[in-house]
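Take a look at the structure set out below.
Protein chains: 2
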Amino acid sequence: MNNAPIGIFDSGMGGLTVMRALVRRLPRERFLYLGDTARLPYGTKSGETVRRYALQAAHALTRRDVKLVVIACNTASVSLPALQEALSPLPVIGVIEPGAAAALQAAPLGPIAVIATEGTVKGGAYVRAIHALSAAPVVQQACPLFVPMAEEGLTEGPIIEAVAQRYLAPLMARLPKPKALVLGCTHFPALKNVIAQVVGPEVILVDSAATTAEAVARLLDERHLAATAKTAEHRFFVTDAPDRFARVGEIFFGSPIDPGAVEQIDLQ
Amino acid sequence: MNNAPIGIFDSGMGGLTVMRALVRRLPRERFLYLGDTARLPYGTKSGETVRRYALQAAHALTRRDVKLVVIACNTASVSLPALQEALSPLPVIGVIEPGAAAALQAAPLGPIAVIATEGTVKGGAYVRAIHALSAAPVVQQACPLFVPMAEEGLTEGPIIEAVAQRYLAPLMARLPKPKALVLGCTHFPALKNVIAQVVGPEVILVDSAATTAEAVARLLDERHLAATAKTAEHRFFVTDAPDRFARVGEIFFGSPIDPGAVEQIDLQ
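Sequence lines, in order, name chains A and B.
Numbering-wise, the first sequence is residues 1 to 268 according to my numbering.
Numbering-wise, the second sequence is residues 1001 to 1268 according to my numbering.
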């Protein structure tokens, strides 16, 4: 069991920022990544539809004998309770709770700003997770164009700066000014530099990829599930367009993805 | 049969620009619109996946007794032969052939430029349709950010102008300069003003919504299928998020959509 892989699931390739943090934090572990590229994006879809898709994806991972499932997608993390129940006793970790805890560590009294997709903002999962731990005020802003712009590699320059201004300037003009900004979508770490530039150095950026990697490391330790040996390479599964995944995924994974390691599967 | 509705299918709401042209051209007809919003966008998906989705959508329309199916989605129009075979003898019309014919009418010797989604460009359907009629040179450019920007209502102002420049300036710098520009995605008519401004008044914009409406009118006439009386209101079906459809759809339909006329259905 210890040498079984860790399953990571996302609607597309944004979750590769989480996998990147996991690979860095847990270099001995082996990962299976599943991106539901045939049905992305999840951010504009209803909670019920996202839950159905997330369950199908999680079962595709458990059929491949993973020891743990990471939902590396903020939108799909709204399905965390449903997935934990369906996969029990297999541990399931989402990105919301680690991100909320890290935001409170950065700014214990708030205000905390959360940027995310339309679906995550509407679902209010970060607000609930933060308020479960603290009364710190939380403000939210949907940034739907960040996802397609990051996927097009538009991670710097005047266009993405103008779009970031459009979303973030009103958020940062609020009084009192937010002290921490949660990157509540796994695509957003690719835009970290331009976001930091727009909000200014006094606002702490909370990247839930890194905090999720910490939470996974802790859980492996507590349950004595850490790998004792690395047995094979990482693998990637997508529901559509494996070539595009390997090509564009590099923006998020931070290193090249071998097209031969990407396999297309069907979830329906 | 004459008073049966016309079915229109799109991956989301872009096809509403085609429905708008159809309603204007054929005011006595009744339309059923189906947007596969749970699985949009199609533009980044493979031809095989798009074909499977398009067949499911077309069957959902034929179960509702339509007399004709319009594929109001450039990406899904690659499935036209498969749909025509599956639905025969029911007539099926796509947007590619009418758009190609209109482009050649505007610029018989070319060059013709086509802007579309990644999927449409990669599939090369416009190039094939134009070259089936003429040897006019064709150049293509994918404009993937136009879809999410139009859906966010970013149809004017400096951001969309900069994005339009990014896509269109290299296309228009080619020699000889294109004489006609095909808006090869049903979302793009919402960006017509900014596109016209960037390419200049000497380039003729070909909007396939209008040309498809003409093709449908002609086909109804030839097959004696035109409505003799309008029997009920238009209806809209979506596979997810009917509220968002009614709200954002207005950008493309050009007039308000009654949320009560939008029903959620399941295609799988």
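Virtual Cβ for every residue (Gly too), placed ideally from N, Cα, C.
C-alpha gap between residue i and residue j, whole angstroms
i                  : j                 : result
alanine 317(A)     : isoleucine 130(A) : With chain A running from 1 to 268 in the structure shown, residue 317(A) is simply not present.
glycine 1184(B)    : leucine 219(A)    : 50 Å
serine 134(A)      : isoleucine 71(A)  : 24 Å
threonine 1120(B)  : leucine 104(A)    : 46 Å
proline 81(A)      : valine 1050(B)    : 32 Å
threonine 1186(B)  : valine 216(A)     : 44 Å
methionine 1019(B) : proline 1089(B)   : 23 Å
aspartate 10(A)    : alanine 1261(B)   : 33 Å
isoleucine 1159(B) : alanine 164(A)    : 11 Å
alanine 190(A)     : glycine 12(A)     : 14 Å
glutamine 140(A)   : proline 178(A)    : 11 Å
arginine 174(A)    : isoleucine 195(A) : 17 Å
tyrosine 1126(B)   : valine 198(A)     : 41 Å
alanine 1210(B)    : alanine 1021(B)   : 5 Å
tyrosine 1042(B)   : histidine 224(A)  : 43 Å
valine 92(A)       : threonine 228(A)  : 21 Å
glutamine 268(A)   : tyrosine 1053(B)  : 12 Å
methionine 1001(B) : threonine 1062(B) : 13 Å
isoleucine 112(A)  : histidine 234(A)  : 35 Å
alanine 1142(B)    : glycine 1123(B)   : 11 Å
glutamate 1263(B)  : proline 1242(B)   : 7 Å
alanine 1180(B)    : alanine 38(A)     : 33 Å
isoleucine 1096(B) : alanine 1246(B)   : 26 Å
glutamate 1048(B)  : arginine 1064(B)  : 25 Å
alanine 1076(B)    : threonine 1117(B) : 11 Å
isoleucine 115(A)  : valine 182(A)     : 6 Å
Collapsed DSSP secondary structure at residue i in the structure displayed
i                 : result
leucine 225(A)    : coil
glutamine 1268(B) : coil
arginine 1166(B)  : helix
glutamate 1152(B) : coil
glycine 260(A)    : helix
aspartate 1240(B) : coil
arginine 1174(B)  : coil
valine 1248(B)    : helix
Proximity test, Cβ basis, 8 Å: residue i and chain C
i                 : result
glutamate 1152(B) : The question asks about chain C, but that chain is absent: this structure's protein chains are A and B.
Chain A within 8 Å of residue i, Cβ atoms only
i                  : result
threonine 1049(B)  : yes
leucine 1145(B)    : yes
proline 1326(B)    : Only positions 1001 to 1268 of chain B appear in this structure, which leaves residue 1326(B) out of reach.
serine 1046(B)     : yes
isoleucine 1195(B) : no
arginine 1166(B)   : yes
glutamine 1084(B)  : no
arginine 1244(B)   : yes
Closer than 8 Å to chain B by CB, residue i
i                 : result
alanine 101(A)    : no
leucine 149(A)    : The sequence shown places methionine at residue 149(A), not leucine. Answer yes: the Cβ-Cβ gap between methionine 149(A) and chain B drops below 8 Å somewhere.
alanine 162(A)    : yes
glutamine 140(A)  : no
arginine 235(A)   : no
arginine 128(A)   : no
glutamine 56(A)   : no
glutamine 105(A)  : no
arginine 39(A)    : yes
aspartate 240(A)  : yes
isoleucine 159(A) : yes
Check: residue i C-beta below 7 Å from any heavy atom of the ligand ATP
i                 : result
glutamine 1105(B) : Absent from the structure shown: the ligand ATP. Ligands present: none.
**OP:** Please list the segments of the alpha helix (DSSP H) lying wholly inside the stretch 1015-1089 of chain B, counting only runs of 4 or more residues, in order along the chain.
**Re:** The DSSP assignment places 1016-1025, 1047-1062, 1080-1087 as complete runs of the alpha helix (DSSP H) inside the stretch 1015-1089 of chain B, in order along the chain (cut-off: 4 residues).
Subject >> Unbroken stretches of the beta strand (DSSP E), 3 residues or longer, contained in the stretch 1177-1220 of chain B >> reply: Counting only runs of 3+ residues, the beta strand (DSSP E) found wholly inside the stretch 1177-1220 of chain B occupies 1180-1183, 1204-1207, in chain order.
Original post:
Can at least three beta-carbon pairs, one atom from the stretch 1087-1107 of chain B and one from the stretch 1154-1174 of chain B, be found at a separation below 8 Å?
Top reply: Verdict: no, contact absent.
Original post:
Is the stretch 1057-1072 of chain B close to the stretch 1250-1257 of chain B, with three or more CB pairs under 8 Å?
Top reply: Two segments are said to touch when three or more pairs of C-beta atoms, one from each, lie closer than 8 Å; by this definition the stretch 1057-1072 of chain B does not touch the stretch 1250-1257 of chain B.
**OP:** Spell out a yes or no on whether the stretch 1231-1240 of chain B and the stretch 1142-1149 of chain B are touching, meaning 3 or more CB-CB pairs, one atom from each, closer than 8 Å.
**Re:** Because the criterion of three Cβ pairs below 8 Å is not met, the stretch 1231-1240 of chain B and the stretch 1142-1149 of chain B do not touch.
**OP:** Counting only runs of 4+ residues fully inside the stretch 90-139 of chain A, write out the alpha helix (DSSP H) ranges in chain order.
**Re:** Here the runs fully enclosed are 96-106, 118-123, 125-131.
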